[in-house]
Amino acid sequence: MKRRFPALVAGVAVLALAACGSGGNGSDPTDAGTGSGAGTQYEGETLTVWIMEGTNPDASAFFDGVAEDFTAQTGAELDVQFQPWAGAHDKFVTSIAGGTVPDVAEVGTTWTTEFAEIGALADLTDRIDEAGLSDDLVEGLVEAGTFDGGLYGMPWYAGVRSIIYNTELFEAAGITEPPTSWDELIAAVDALKASNPDVIPFPIAGDSQFGVFPFVWGAGGDIATEADGTWTATLDSPEAIEGLEYYTGLALEHGSSTAAASTWNEADALQAFIQGNVGMIVAGNWTVGRIAADAPDMAETIGAFPIPTRDGGVAGSFLGGSHLGIFNESPNQDLAWEFVNLMTTGDDATAWAEESGYFPGQASALEAYVASDDPLVAPFAQQMLEGGRSVPVTGLYGQIQGAKTVEAMLQNILTERSTVEEAATEAVTVMNEIFSSGS
Amino acid sequence: MRRKGALPAIGRTLGVIAVLVFALFPAYWMISTAVDTDAARRGAALVPTAFTLSHFERVLDDGGFALFLRNSAIVAVGTVVVSALVALLAAVAVARFTFSFRKAMLVLILLVQMVPLEALVIPLFLQARNLQMLNSLLGLTIVYVAFSLPFAVWMLRGFVAAVPKEVEEAAYVDGASWGRMFRSILLPLVAPGVVATSVFSFITAWNEFIFALTFLQDADKYTVAVGLQRFFGQNTADWGAVMAASTLITLPVVVFFVIIQRRLASGLSAGAVKG
Amino acid sequence: MSTTGSVRVAPGVSRGPGDHAPRRPPPWRRASRPWLLLAPTLVILGVLLLWPLARVVNLSFQEYGLRQLASGETNYVALDNYREILGSEYLWTVVLPNTVGFAVACVVLTVGLGTLVALFLNMLGTVWRSVCSTAIMVAWAVPAITGTYVWVWLFDPLNGLVANVLSSLGVIDPGTVNWFADRFGFYSIATLNVVHHGFPFVAITILAGLMTVPVELYEAAIMDGANAWRRFWQITVPMLKPIFAVVTILSTIWDFKVFTQIYLMPGGNGGNAEVFNLGVWSYIQSFAQGKYGMGSAIAVLLTGILLVITVVYMRTLFKEEDR
Numbered sequence: 011m012k013r014r015f016p017a018l019v020a021g022v023a024v025l026a027l028a029a030c031g032s033g034g035n036g037s038d039p040t041d042a043g044t045g046s047g048a049g050t051q052y053e054g055e056t057l058t059v060w061i062m063e064g065t066n067p068d069a070s071a072f073f074d075g076v077a078e079d080f081t082a083q084t085g086a087e088l089d090v091q092f093q094p095w096a097g098a099h100d101k102f103v104t105s106i107a108g109g110t111v112p113d114v115a116e117v118g119t120t121w122t123t124e125f126a127e128i129g130a131l132a133d134l135t136d137r138i139d140e141a142g143l144s145d146d147l148v149e150g151l152v153e154a155g156t157f158d159g160g161l162y163g164m165p166w167y168a169g170v171r172s173i174i175y176n177t178e179l180f181e182a183a184g185i186t187e188p189p190t191s192w193d194e195l196i197a198a199v200d201a202l203k204a205s206n207p208d209v210i211p212f213p214i215a216g217d218s219q220f221g222v223f224p225f226v227w228g229a230g231g232d233i234a235t236e237a238d239g240t241w242t243a244t245l246d247s248p249e250a251i252e253g254l255e256y257y258t259g260l261a262l263e264h265g266s267s268t269a270a271a272s273t274w275n276e277a278d279a280l281q282a283f284i285q286g287n288v289g290m291i292v293a294g295n296w297t298v299g300r301i302a303a304d305a306p307d308m309a310e311t312i313g314a315f316p317i318p319t320r321d322g323g324v325a326g327s328f329l330g331g332s333h334l335g336i337f338n339e340s341p342n343q344d345l346a347w348e349f350v351n352l353m354t355t356g357d358d359a360t361a362w363a364e365e366s367g368y369f370p371g372q373a374s375a376l377e378a379y380v381a382s383d384d385p386l387v388a389p390f391a392q393q394m395l396e397g398g399r400s401v402p403v404t405g406l407y408g409q410i411q412g413a414k415t416v417e418a419m420l421q422n423i424l425t426e427r428s429t430v431e432e433a434a435t436e437a438v439t440v441m442n443e444i445f446s447s448g449s
Numbered sequence: 640m641r642r643k644g645a646l647p648a649i650g651r652t653l654g655v656i657a658v659l660v661f662a663l664f665p666a667y668w669m670i671s672t673a674v675d676t677d678a679a680r681r682g683a684a685l686v687p688t689a690f691t692l693s694h695f696e697r698v699l700d701d702g703g704f705a706l707f708l709r710n711s712a713i714v715a716v717g718t719v720v721v722s723a724l725v726a727l728l729a730a731v732a733v734a735r736f737t738f739s740f741r742k743a744m745l746v747l748i749l750l751v752q753m754v755p756l757e758a759l760v761i762p763l764f765l766q767a768r769n770l771q772m773l774n775s776l777l778g779l780t781i782v783y784v785a786f787s788l789p790f791a792v793w794m795l796r797g798f799v800a801a802v803p804k805e806v807e808e809a810a811y812v813d814g815a816s817w818g819r820m821f822r823s824i825l826l827p828l829v830a831p832g833v834v835a836t837s838v839f840s841f842i843t844a845w846n847e848f849i850f851a852l853t854f855l856q857d858a859d860k861y862t863v864a865v866g867l868q869r870f871f872g873q874n875t876a877d878w879g880a881v882m883a884a885s886t887l888i889t890l891p892v893v894v895f896f897v898i899i900q901r902r903l904a905s906g907l908s909a910g911a912v913k914g
Numbered sequence: 003m004s005t006t007g008s009v010r011v012a013p014g015v016s017r018g019p020g021d022h023a024p025r026r027p028p029p030w031r032r033a034s035r036p037w038l039l040l041a042p043t044l045v046i047l048g049v050l051l052l053w054p055l056a057r058v059v060n061l062s063f064q065e066y067g068l069r070q071l072a073s074g075e076t077n078y079v080a081l082d083n084y085r086e087i088l089g090s091e092y093l094w095t096v097v098l099p100n101t102v103g104f105a106v107a108c109v110v111l112t113v114g115l116g117t118l119v120a121l122f123l124n125m126l127g128t129v130w131r132s133v134c135s136t137a138i139m140v141a142w143a144v145p146a147i148t149g150t151y152v153w154v155w156l157f158d159p160l161n162g163l164v165a166n167v168l169s170s171l172g173v174i175d176p177g178t179v180n181w182f183a184d185r186f187g188f189y190s191i192a193t194l195n196v197v198h199h200g201f202p203f204v205a206i207t208i209l210a211g212l213m214t215v216p217v218e219l220y221e222a223a224i225m226d227g228a229n230a231w232r233r234f235w236q237i238t239v240p241m242l243k244p245i246f247a248v249v250t251i252l253s254t255i256w257d258f259k260v261f262t263q264i265y266l267m268p269g270g271n272g273g274n275a276e277v278f279n280l281g282v283w284s285y286i287q288s289f290a291q292g293k294y295g296m297g298s299a300i301a302v303l304l305t306g307i308l309l310v311i312t313v314v315y316m317r318t319l320f321k322e323e324d325r
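For the record, the sequence lines run as chains C, G and A.
Read in order, the letters of the first sequence are residues 11 to 449 in the numbering used here.
Read in order, the letters of the second sequence are residues 640 to 914 in the numbering used here.
Read in order, the letters of the third sequence are residues 3 to 325 in the numbering used here.
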């Protein structure tokens with residue numbers, strides 16, 4: 011579909027932004043320091059916070075503890091409302107339109123710039139600088155939350171995808187060392203297939219964009235590049251095509267997958283994996299906890315290794331997670347920052363990461379994980395530290411995700427409706443249309 | 640009441656089996672997964688591996704489902720009562736009176752059913768905000784009344800129209816007022832229609848998700864449909880809990896129906912259908 | 003219908019020769035009564051649905067994104083959205099055929115199956131009728147989201163029951179087919195799901211209607227030697243015409259705008275644009291892509307199509323009713 015925004019729109023948007031920036035942000039961050047330290051400064055006030063459901067299995071107990079700390083520190087009450095992921099974006103959008111946003115919300119990293127662009131979120135750069143935190147944040151999360159030079163989301167927790175595998179099936183196939191290059195990955199697929207034809211060695215999930223990106227990056231390709239503020243899709247570059255061909259070729263040429271997987275999303279792939287008949291899948295570090303809950307006996311027989319690049323090395327992998335954002339409409343900007351600060355630094359931040367199985371958003375706290383010798387932590391930490399990447403940091407990429415452009419491309423290739431080149435060209439066309447609509 | 644049975648007994652038995660299997664299979668799957676110890680790994684197994692109530696415990700304890708069930712019950716019962724009353728009045732108007740714009744009214748009432756609800760989310764949200772209806776179960780009830788009204792009016796119009804005018808006229812001949820005729824003649828005769836409509840309104844209010852999610856700001860006001868979504872993570876799903884929650888959502892609707900079914904029968908015997 | 007009235011006597015109302023003439027209200031009260039009866043409905047619908055609907059129409063003439071939504075500004079582009087939709091090949095070759103084909107199949111099957119089941123239930127004794135109608139209610143009561151997941155599981159190309167049975171029969175080789183990726187396969191499963199979820203409404207409603215048909219009519223017809231087929235067409239159908247009409251109209255409206263059952267199926271949430279219907283397309287344009295104006299225009303288009311269908315239905319319906 012063709013779509014051209016007249017130049018006027020951009021102008022209006024800038025005005026709107028400017029209006030929001032000055033009007034909505036009631037308090038000046040620089041006077042935040044004057045009263046800090048007093049434990050009852052905000053007595054009688056209540057801070058409303060939205061937290062996404064399902065990240066931490068025991069989130070309500072966690073936040074009971076946080077609420078106590080928060081009240082002790084500020085005197086204010088904390089009102090945490092858990093939101094289900096399904097429909098969460100719709101809920102944010104209606105609340106922004108209706109002016110019924112909370113003070114603080116957990117915002118998925120891919121939504122932060124989208125909400126920042128329309129003036130809904132407050133710029134936290136000055137507050138973070140003042141608190142002396144700016145040098146100690148996980149880089150990928152900073153990148154994902156940055157819009158127009160400002161940081162609109164405080165890094166809270168991070169997650170990354172690597173490959174988890176079934177150690178029993180690997181042993182049966184005589185694979186002793188996890189693959190560290192593309193050739194070794196193919197060899198592992200072949201060995202799994204040869205040892206037991208009923209095993210699905212490596213299903214290629216068609217409805218998962220974050221499964222394919224590591225292979226595009228691992229071949230030296232990229233999703234899109236930016237020049238002078240304009241993004242250009244590059245999924246049709248020779249490197250990207252090579253990555254796409256390799257990844258889908260695992261399914262189409264090496265029989266690593268199954269026809270059903272062409273419409274699977276990550277949850278479906280995980281579901282198949284815990285049936286015990288799947289060799290390995292691309293999966294996030296948080297799935298380890300899910301497996302322990304759903305299939306406790308299996309938790310003993312899984313391993314993980316970083317997604318390799320073509321020639322050996324750790325491939326780029328999407329660094330996801332969440333920011334804590336403060337809404338411009340919140341009348342309690344300073345109090346909101348107190349909460350954000352409490353959540354993202356110190357004990358509460360590490361406790362959250364531990365309980366939820368994610369990585370903390372503070373670089374110093376992350377170091378402990380990298381040094382870990384836990385075989386289900388270290389590979390993910392390595393992937394994150396050496397390979398953590400962002401998708402194009404622009405609200406427009408949210409539209410591309412909404413349109414499921416990458417997933418549609420994958421499904422077209424996997425069901426052999428199109429060749430890799432055709433599908434990539436089509437995806438690039440769609441992406442460039444969306445990119446150009448914003449400039 | 641004696642019904643004419645043209646089918647031989649064997650055909651009837653087979654028919655009953657077919658209806659039961661077709662109607663109940665998904666529900667069977669839902670319930671049997673809800674009590675399966677290994678719910679996430681069930682695959683194609685027709686029978687669960689082992690029996691457990693732990694999924695239900697989790698849903699009720701951690702999920703806070705008891706509260707959601709209560710909220711949904713308030714909203715659903717409110718919707719049923721209000722929409723049945725309001726719709727019955729309107730149905731009588733369009734089925735029994737001739738007035739200008741009657742057909743236009745009928746189309747207009749139906750028109751609002753034609754809009755995809757998803758497109759209404761934002762405009763209706765803004766409207767509800769202006770009317771101070773956000774974050775309240777009463778506000779949500781009124782919205783659901785609006786959703787079920789077009790259906791209810793049309794449905795009851797059919798039932799009212801199916802009552803022969805002669806019956807009413809007989810009442811007038813006997814000197815009954817319109818109000819009396821309405822209460823003692825029309826109402827019992829359309830009772831089965833009211834029942835069918837109530838079931839619909841109940842289910843509409845009980846299962847609606849996106850408006851409940853966006854309108855309600857406090858999580859302790861959420862309804863069961865929102866509660867169900869808590870068991871779907873961003874990239875994972877807790878199937879045992881999802882199916883247990885679904886079972887808890889389904890049960891009250893069936894109970895509501897079983898209760899109201901008796902009224903359907905009594906509505907019949909009170910009505911004038913027996914010679 | 004005049005043949006039926008004479009046999010009915012309302013209970014509690016005596017009919018004696020000495021009764022006086024009906025008490026009729028004055029003309030102005032008769033004229034205002036329908037409006038009084040309609041007033042609550044019109045107020046609720048007007049405020050809560052018609053006004054927002056007008057806003058949807060208004061949005062459809064704008065290029066309206068998240069920015070406009072957040073700032074509340076307007077951005078009119080006249081008919082651009084409509085021009086783009088109606089000019090796109092995608093609408094004519096994919097979305098519209100999907101929507102119409104799917105809706106027609108669902109309406110025919112839902113009303114057909116629902117009627118059959120209702121007739122069947124009407125033949126049963128009280129106990130089995132209650133058992134069966136309760137079972138049918140269960141099918142209706144299962145949340146659409148759960149029902150959809152169950153059907154998707156049932157048809158899982160790898161581990162599902164259907165694939166297992168077919169492969170043990172040697173019809174397919176599991177792992178080589180994926181019917182969700184195929185437009186026809188996708189919609190066949192969606193149709194099964196929607197019919198399963200929709201037939202209880204038709205069955206229960208028509209059963210309720212059947213129970214208001216006086217037994218004497220059938221007894222008289224049997225005495226006249228009419229068989230079951232003739233009794234159905236000569237008594238049941240004419241008596242229940244208003245109910246059939248409403249069931250068909252409402253099913254048509256619902257089946258044209260099915261959303262949840264498509265959106266939750268593999269590929270239905272955007273990955274496979276081949277399987278969108280108008281409702282899903284509108285939602286994806288609005289909420290996933292942030293093009294609220296475009297999404298609204300698609301919604302208005304869908305509403306327009308339904309309006310035309312309904313008016314045609316009603317023409318036929320009222321022609322007969324008004325005689």
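Quick reminder that beta carbons are idealized off the backbone N, C-alpha and C, glycines included.
Being a predicted model, the structure only gives us computed values, none of them experimental.
Element boundaries [beta strand (DSSP E), containing residue i]
i: A137(A); result: Note, A137(A): premise wrong, no beta strand (DSSP E); alpha helix (DSSP H) at 128-143.
i: W166(C); result: 164-176
i: I61(C); result: 56-62
i: W241(C); result: 240-243
DSSP state of residue i mapped onto helix, strand, coil
i: D675(G); result: strand
i: W296(C); result: coil
i: R32(A); result: helix
i: S32(C); result: Caution is warranted here: a pLDDT of 35 is assigned to S32(C), below 50, making its placement in the model unreliable, and the coordinate value is therefore given only provisionally. Three-state DSSP puts S32(C) in a helix.
i: P268(A); result: coil
i: F798(G); result: helix
i: H333(C); result: strand
i: E252(C); result: helix
i: Q372(C); result: strand
i: D701(G); result: coil
Closer than 9 Å to chain G by CB, residue i
i: N166(A); result: yes
Residue range of the alpha helix (DSSP H) that includes residue i
i: D200(C); result: 192-205
i: A154(C); result: 149-155
i: G397(C); result: 388-397
i: D82(A); result: 82-89
Minimum Cβ-Cβ distance from residue i to chain A less than 9 Å
i: K414(C); result: yes
i: W274(C); result: yes
Sheet register partners of residue i (DSSP bridge)
i: M290(C); result: Y175(C)
i: S327(C); result: G398(C)
i: Y78(A); result: Q64(A)
Proximal residues to residue i (C-beta, below 6 Å), its chain only, five neighbours per side dropped
i: T112(A); result: V197, G200, F201, V204, S253
i: G169(C); result: G294, N295, W296, G330, G331, Y368
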